[in-house]
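Chains as they are written, first to last, in this note's numbering: chain A, 97 to 209; chain B, 2 to 116.
Ideal placement from N, C-alpha and C gives every residue a C-beta, glycine not left out.
Accompanying notes for the structure given below.
Shown next, in the form of structure tokens:
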């Protein structure tokens with residue numbers, strides 16, 4: 097089946113680390129993605145990880161992938177108030193003809209000063 | 002490089018009308034996908050186009066259709082609008098074939114309100 101699950105809310109203090117978790121179901125997914133959406137805006141691609149990797153680091157962002165448990169996480173170091181947004185996890189489903197992204201419900205990150 | 006552009010940004014229509022939304026992908030990108038975002042259903046895939054061909058379609062009624070032009074620009078059309086079609090419609094473009102990598106870059110969306 098195609099399903100991606102995320103917790104809905106996360107609240108942290110400025111300067112702390114934030115960890116957003118995601119589980120997915122399709123074991124054939126080759127790439128997994130994290131997107132950020134600010135109010136009234138589209139989706140901004142933050143980072144992605146290939147399924148044969150365990151970890152990817154990109155400045156303040158660290159993605160961890162546990163393929164056995166189908167668990168993906170996004171860690172934001174030194175979280176700032178500007179990081180307040182909704183974060184979406186997505187897996188790519190690729191078939192013979194084309195592909196699509198399956199998104200989680202989104203995790204609303206609130207950063208308190 | 003300019004990002005994905007979508008027009009119009011906001012639209013108000015009445016039930017029963019039809020609407021056409023437009024998307025211009027990032028220069029050089031040949032794949033365009035459309036997604037519908039609502040508070041209740043979240044982000045749902047509508048369709049994907051590559052080289053003017055629809056390659057994948059989501060689980061939406063036939064009232065939703067789309068096309069892609071030779072310059073990769075895409076339009077989607079919704080006929081006989083229903084109240085439930087009120088949503089943010091997002092267009093995304095991708096530089097590569099899905100079999101290589103499928104990162105998609107999204108536009109700001111078109112907010113459609115059906116009254």
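**Q.** Chain-ordered neighbours of residue 137 of chain A on chain B, where CB pairs are closer than 7 Å
**A.** 109
Q: Could you work out which residues of chain B lie near residue 153 of chain A, taking near to mean beta carbons separated by less than 7 Å?
A: Simply none; closest approach about 17 Å.
Q | Minimum Cβ-Cβ distance from residue 141 of chain A to chain B less than 7 Å | A | yes
Q.
Measuring only the C-alpha atoms, how far is residue 168 of chain A from residue 96 of chain B?
A. 24 Å
Q) If you drop the 5 nearest sequence neighbours on each side, which residues of the same chain put their C-beta closer than 6 Å to that of residue 144 of chain A? A) 127 and 129
Q) Hey, does residue 144 of chain A have any beta-carbon neighbour from chain B nearer than 7 Å? A) yes
Q. If you drop the 5 nearest sequence neighbours on each side, which residues of the same chain put their C-beta closer than 6 Å to that of residue 32 of chain B?
A. 51 and 95
Q) How far does the beta strand (DSSP E) with residue 7 of chain B in it reach, from first residue to last? A) 6 to 8
Q. In terms of DSSP beta bridges, what is residue 107 of chain B paired with?
A. B:93
**Q.** DSSP bridge partner residues for residue 37 of chain B (one or two, in chain order)
**A.** B:45 and B:90
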